[in-house]
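Heads up: the sequence shown is residues 35 to 427, going by my numbering.
Taking it in order: structure first as structure tokens, then the write-up.
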Amino acid sequence: MPRPLKTASAVGALVLAAACGSAGTTASGPKPPKLAAQQSLGAGEGSVNLIAWAGYVEDGGNDPETDWVSDFEKQTGCQVNAKVAASSDEMVSLMKTGQYDAVSASGDASLRLIAGGDAAPVNTALVPNYADVFAGLKNQAWNSVDGVSYGIPHGRGANLLMYNTEKVSPAPDSWSVVFDKAAAYKGKVTAYDSPIYIADAALYLMRTKPELGITNPYALDRTQFDAAVALLKEQNSNVGEYWSDYLKEISAFKSGDSLVGTSWQVIVNTAQAEKAPVAAVLPKEGATGWSDTWMVSAKAKHPNCAYKWLDWIISPKVNAQVAEYFGEAPANAKSCEQTAAKDHCTTYHAADEPYWKNVHFWTTPVADCVDGRKDAECVPYQEWVQAWAGIKG
Numbered sequence: 035m036p037r038p039l040k041t042a043s044a045v046g047a048l049v050l051a052a053a054c055g056s057a058g059t060t061a062s063g064p065k066p067p068k069l070a071a072q073q074s075l076g077a078g079e080g081s082v083n084l085i086a087w088a089g090y091v092e093d094g095g096n097d098p099e100t101d102w103v104s105d106f107e108k109q110t111g112c113q114v115n116a117k118v119a120a121s122s123d124e125m126v127s128l129m130k131t132g133q134y135d136a137v138s139a140s141g142d143a144s145l146r147l148i149a150g151g152d153a154a155p156v157n158t159a160l161v162p163n164y165a166d167v168f169a170g171l172k173n174q175a176w177n178s179v180d181g182v183s184y185g186i187p188h189g190r191g192a193n194l195l196m197y198n199t200e201k202v203s204p205a206p207d208s209w210s211v212v213f214d215k216a217a218a219y220k221g222k223v224t225a226y227d228s229p230i231y232i233a234d235a236a237l238y239l240m241r242t243k244p245e246l247g248i249t250n251p252y253a254l255d256r257t258q259f260d261a262a263v264a265l266l267k268e269q270n271s272n273v274g275e276y277w278s279d280y281l282k283e284i285s286a287f288k289s290g291d292s293l294v295g296t297s298w299q300v301i302v303n304t305a306q307a308e309k310a311p312v313a314a315v316l317p318k319e320g321a322t323g324w325s326d327t328w329m330v331s332a333k334a335k336h337p338n339c340a341y342k343w344l345d346w347i348i349s350p351k352v353n354a355q356v357a358e359y360f361g362e363a364p365a366n367a368k369s370c371e372q373t374a375a376k377d378h379c380t381t382y383h384a385a386d387e388p389y390w391k392n393v394h395f396w397t398t399p400v401a402d403c404v405d406g407r408k409d410a411e412c413v414p415y416q417e418w419v420q421a422w423a424g425i426k427g
């Protein structure tokens with residue numbers, strides 16, 4: 035990271051941010067109820083209620099120098115009321131209450147919101163800054179269904195392979211080091227603590243066992259799913275810790291308790307800034323990743339203010355501020371000219387589309403296979419949740 039996160043709360047943003055598919059374009063997935071997108075903007079309603087990952091809606095309360103909310107309120111007259119969510123499951127539950135106008139949904143929540151009728155289609159014409167969003171983030175499987183957009187992309191990041199440069203040799207270039215060859219680092223392997231991590235095993239099998247026929251790590255039929263679960267159960271005996279806490283992963287790599295495992299670029303940069311002997315790589319098999327999407331509630335009581343927020347949060351300057359504070363690649367291409375650290379977009383591969391083609395962004399697994407198959411039924415997310423408990427147990 036070009037500069038360390040300034041506060042513990044900022045670092046906490048990444049503890050909570052299991053932020054969001056799959057490389058590729060929109061595929062037919064869930065069958066959402068017929069909802070109409072808003073056709074025009076009226077006057078702001080005076081307030082907007084948001085659900086967000088920590089670090090996405092900053093008003094100076096955590097850091098006086100980090101505030102992109104106050105100017106929004108002054109310019110629009112929309113008072114921001116933000117609820118920080120600790121998980122995608124919490125975001126989905128909160129959106130069902132109808133008390134919130136918009137949410138910064140990750141890919142392991144977005145299709146659930148769409149299928150449940152909790153998120154409305156978004157009229158991108160009402161969001162002028164959408165025109166400058168990187169093309170690789172538009173009309174994707176985690177933010178659109180059958181060509182209909184359900185949100186505005188916010189930022190993205192890859193799940194990288196991080197390793198101790200003094201203890202892991204040769205430098206790995208494959209996920210095999212945490213799967214088939216994990217015994218070499220028994221008890222020192224770390225993995226991301228979430229059911230969506232099953233997709234990491236599926237991605238590895240997609241490249242190493244083509245006979246399984248996996249083409250999308252989030253669209254797994256029963257045989258494919260069982261193979262991924264079996265691989266993770268084998269891995270479990272070599273895992274020292276499953277991490278969801280950003281600080282704990284850094285601490286584990288600094289102490290040597292963890293030597294190799296899944297990480298994010300911002301974690302790598304922060305660990306290096308704290309003198310941990312680590313490096314990271316996007317393995318040859320590719321990687322999973324996350325892309326967060328601002329979605330509007332189908333029951334929004336303040337839809338005009340919600341749309342104003344969507345346009346604000348991806349405006350060049352603000353999107354640059356969020357990307358640097360949080361530690362991610364911005365969604366707006368023009369943000370790269372606005373970052374304080376001029377190498378931020380290079381570090382986070384913001385405009386490097388070939389890089390992202392090897393990243394399969396988190397997408398909510400649903401029964402209707404999002405890889406386009408019509409002759410198969412895929413394992414839905416609730417079964418991923420059940421299986422994850424068994425893997426760890």
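The beta carbon of each residue, even a glycine, is placed where N, CA and C say it ideally should be.
Quick caveat: nothing in here was measured; it's all calculated off a predicted structure.
Which residue from the options puts its Cα closest to that of residue i?
i: proline 162; options: Ile85, Ser74, Lys309; result: Ser74
i: proline 399; options: Gln299, Asn83, Leu171, Leu254; result: Leu254
i: methionine 129; options: Val167, Glu387, Met196, Ala86; result: Ala86
i: alanine 119; options: Glu107, Ser297, Val137, Leu69; result: Val137
i: cysteine 339; options: Phe106, Pro204, Glu200; result: Phe106
i: phenylalanine 360; options: Gly191, Gln372, Ser331, Pro229; result: Gly191
i: asparagine 83; options: Val167, Glu124, Thr110, Asp135; result: Asp135
i: serine 81; options: Val179, Lys376, Lys335; result: Lys335
i: valine 179; options: Leu145, Asn198, Pro206; result: Leu145
i: aspartate 279; options: Ser271, Ser228, Asn272, Asp326; result: Ser228
i: alanine 363; options: Ala218, Val312, Ser271, Val167; result: Val167
i: valine 393; options: Leu237, Ala216, Phe213, Gly111; result: Leu237
i: asparagine 270; options: Lys215, Pro204, Gly181; result: Lys215
i: tyrosine 90; options: Gly295, Ser369, Val352, Gln113; result: Val352
i: leucine 443; options: Val356, Glu283, Lys68; result: Since the first residue of the chain shown is 35 and the last is 427, residue 443 is not available in this structure.
i: proline 187; options: Ser121, Val356, Ile425; result: Val356
i: tryptophan 346; options: Lys108, Lys333, Ala71, Gln133; result: Lys108
i: serine 203; options: Tyr219, Phe213, Ala149; result: Tyr219
i: glutamine 72; options: Met329, Gly150, Ala374, Ala384; result: Met329
i: alanine 143; options: Thr380, Ile348, Pro414; result: Pro414
i: glycine 427; options: Leu171, Leu160, Pro67, Glu268; result: Glu268
i: glutamine 174; options: Asp402, Thr327, Glu99, Asn272; result: Thr327
So residue i packs on residue j, CB below 8 angstroms; how close in whole Å?
i: isoleucine 232; j: tryptophan 422; result: 7 angstroms
i: aspartate 405; j: asparagine 250; result: 4 angstroms
i: threonine 158; j: serine 140; result: About 20 angstroms separates the two Cβ atoms, so there is no contact after all.
i: asparagine 198; j: valine 312; result: 6 angstroms
i: serine 208; j: proline 350; result: 37 angstroms between Cβ atoms; not a contact.
i: glutamate 319; j: serine 292; result: So it is not a contact: roughly 21 angstroms between Cβ atoms.
i: threonine 224; j: threonine 322; result: Actually they are not in contact, since the Cβ atoms of threonine 224 and threonine 322 sit about 15 angstroms apart, beyond 8 angstroms.
i: serine 369; j: alanine 354; result: 4 angstroms
Which partner residues of residue i appear in the DSSP bridge assignment?
i: glutamate 411; result: Asp402
i: histidine 394; result: Thr322
i: methionine 196; result: Gly295, Ala314
i: glycine 189; result: Asp326, Pro364
i: asparagine 83; result: Asn115
i: tryptophan 277; result: Tyr226
i: valine 167; result: Asn366
i: valine 137; result: Ile85, Met329
i: aspartate 101; result: Asp93
i: alanine 153; result: Ser331
i: serine 289; result: Its beta-bridge partners do not exist; DSSP assigns none.
i: serine 74; result: According to DSSP, serine 74 bridges with nothing at all.
i: serine 183; result: Ser178
Report yes or no: is there a C-beta of chain C within less than 8 angstroms of the C-beta of residue i?
i: tryptophan 324; result: Reference to chain C is not applicable here, since this structure consists of a single protein chain.
Starting from residue i, follow the alpha helix (DSSP H) in both directions and report where the run begins and ends.
i: proline 206; result: Where proline 206 is concerned, there is no enclosing alpha helix (DSSP H), given that its DSSP letter is neither H nor E.
i: aspartate 123; result: 122-130
i: lysine 342; result: 337-347
i: threonine 380; result: 378-381
Taking only runs of the beta strand (DSSP E) that begin and end inside the stretch 212-273, which ones reach a length of at least 3 residues, in chain order?
-> Taking only runs of at least 3 residues, the beta strand (DSSP E) segments lying wholly in the stretch 212-273 are 223-226.
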